[in-house]
Amino acid sequence: MCIRHQTMKYKFTLTLKLLLLGSFFAVQAETSEKNYLPSSSFNASYSFKEGRCKIKINNLYGFINRDGSILIPCKFDYASDFQNGFSIVKKDNKYGLILKNGVNSTPMIYDYLEPFQGNRALFKKDGKYGYLNLMGEEVIENKYAFARAFKNDLAIITVNNRTGFINRDGKIIISPKYDLANSFSEGLAPVMKNGKWGYVNAKDELVIRFKFKAASAFKDGLATVIYDKKTLIINKKGNAKSKKSFDNVSEFVKGYALCYKDGKYGIISKKGELKISGLNKMKQSNNGLYAFSRNDLWGYMLPTGEEIATPTFSSVGDFYDGLAKVQIDQKYGFINEQGNVVIPIIYDSANDFSEGLVSVKINNDYFFLDQDGIEQLVFSLDSTSVAEKIIVKVNQNKLLYNDGKLVTASLD
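The sequence shown maps to residues -29 to -1, 1 to 383 in mature numbering (1 follows the signal peptide of the UniProt record, and there is no 0).
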């Protein structure tokens, strides 16, 4: 079991000093009074993605690697997690893309950017939307009043308040003629015409006629629609899978979905069978389990109703890397998919697991734990830090930074 004082995996300790200078961080006259910094001066409560993790120092973002070394200095007003080798960053109110080594892939000229999907990234410039390729080149001109990210090789675009689809070369596949549309999924896309929703295929052939007030994307061969004030589950022929109607139905995950009717929650199968009903609070987890509440405490159950974690938690989260964050009395820990506590519920805050690590916090110290609860990295804000010189201890090696650039490095 992991506690704060167990032996560190890394025997050496490093201290990281970050010096952020500027007009805002003017050097102050020395006084006998201690300059206490807000906890927001340093934040390491983020997740590893593609071997990189954000940190924030004095409201500026940078990235560390799994050894705790700063790879990209804290100089951005915003930074997204890395995805497909890129991070979206913001500086001086403009966005751009950087690579995992911190080199700019694009200039910082965009008003809006989304992560790459289908080897294309949606951008907005001069009030219009277009798309970048993986080289950072504008391969589809910014000429659309509205557009969405690519999904299944097609993207939604809007021209003259009409909605259609283009392919990755920018060629129009379905001409802009619909009121609204959602992305293709399992070969069909929900589209609206004259205020009613139906479904078309990639050839723009009408597969399910326009008759629904609302329509979701298909998943596992089923979609949720609203027809005649009833929420129904339909197949790809447009036929209802169950005679039962609901106020709302979630997406199906592993053959089951969360349903809601008359203020109560339940679970329905793909065959339309109601497995569970009459619960006051439920949440669908991302791994096919269901969180449920009893007497204001939360637990987990299988879609069949079998409880795997008795309701004992103030709050519960989704499962990532097989573990879910749980809370008792303002403290956080983690349970596995069998409902067993595997990381003690002792932390003031906790993120979600990603790439086998999770960031947790006690007081002003951040710990990156592995799935066994063993500390791999420890970050702490040094008590001698002042606004113009933030000192962050990272397993005790000292590095001094000035304006985001390495000046000296020394070992104590």
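Cβ coordinates follow ideal geometry from the N, Cα and C atoms, glycine included.
Nothing here was measured: the structure is a model prediction, and the numbers come from that model.
- Identity of the residues DSSP links to Y337 by a beta bridge: K332 and F350
- Task: Identify every residue that forms a DSSP beta bridge with R23.
- Result: Its beta-bridge partners are K20.
- Message: Between which residues of its own chain and N36 is the CB-CB distance below 7 Å, once the five residues before and five after are set aside?
- Response: G22, R23 and L42
- Taking all protein chains shown into account, do 16 or more other C-beta atoms lie within 10 angstroms of the C-beta of M272, making it buried, or fewer, making it exposed? buried
- When DSSP builds the beta bridges, which residues end up paired with A295? F290 and I306
- Which residues in the same chain as R265 place their Cβ atom closer than 6 Å to its Cβ, once the five residues preceding and following it in sequence are excluded? P282
- Query: By a C-beta neighbour count over all protein chains shown, 10 Å radius and 16 as the cutoff for buried, is A15 buried or exposed?
  - Reply: buried
- Query: Based on Cα-Cα distance, which residue from A152, G209 and G141 lies nearest to R133?
  - Reply: A152
- Message: So G192 and F181 are supposed to be a Cβ contact under 8 Å. How far apart are they, rounded?
- Response: Not confirmed; about 21 Å, so no contact.
- Query: Is S12 helix, strand or coil by DSSP?
  - Reply: helix
- Message: Between which two residues does the beta strand (DSSP E) holding V130 run?
- Response: Annotation for V130: the continuous beta strand (DSSP E) segment containing it runs L125 to V130.
- In the DSSP assignment, find the beta strand (DSSP E) that holds K360 and state where it starts and stops. Taken as a continuous stretch (DSSP letters only), K360 belongs to no beta strand (DSSP E), as it is neither H nor E.
- Message: Rounded to whole angstroms, what is the Cα-Cα separation between E346 and I316?
- Response: 15 Å
- Buried or exposed: I143, going by 16 or more other Cβ atoms within 10 Å of its Cβ? By the Cβ neighbour-count rule, I143 is exposed, with fewer than 16 other Cβ atoms within 10 Å of its own.
- 3 or more residues per run - each beta strand (DSSP E) lying fully within the region 155 to 210: 160 to 164, 167 to 171, 177 to 183, 194 to 198 and 201 to 205
- Task: Identify whether T275 lies in helix, strand or coil by the three-state DSSP scheme.
- Result: Coil, per DSSP.
- Message: Let's see if you can read the secondary structure: which residues bound the beta strand (DSSP E) around S40?
- Response: Taken as a continuous stretch (DSSP letters only), S40 belongs to no beta strand (DSSP E), as it is neither H nor E.
- Evaluate T275 with the Cβ neighbour count: other Cβ atoms within 10 Å of its Cβ, from every protein chain shown; 16 or more gives buried, anything less gives exposed. exposed
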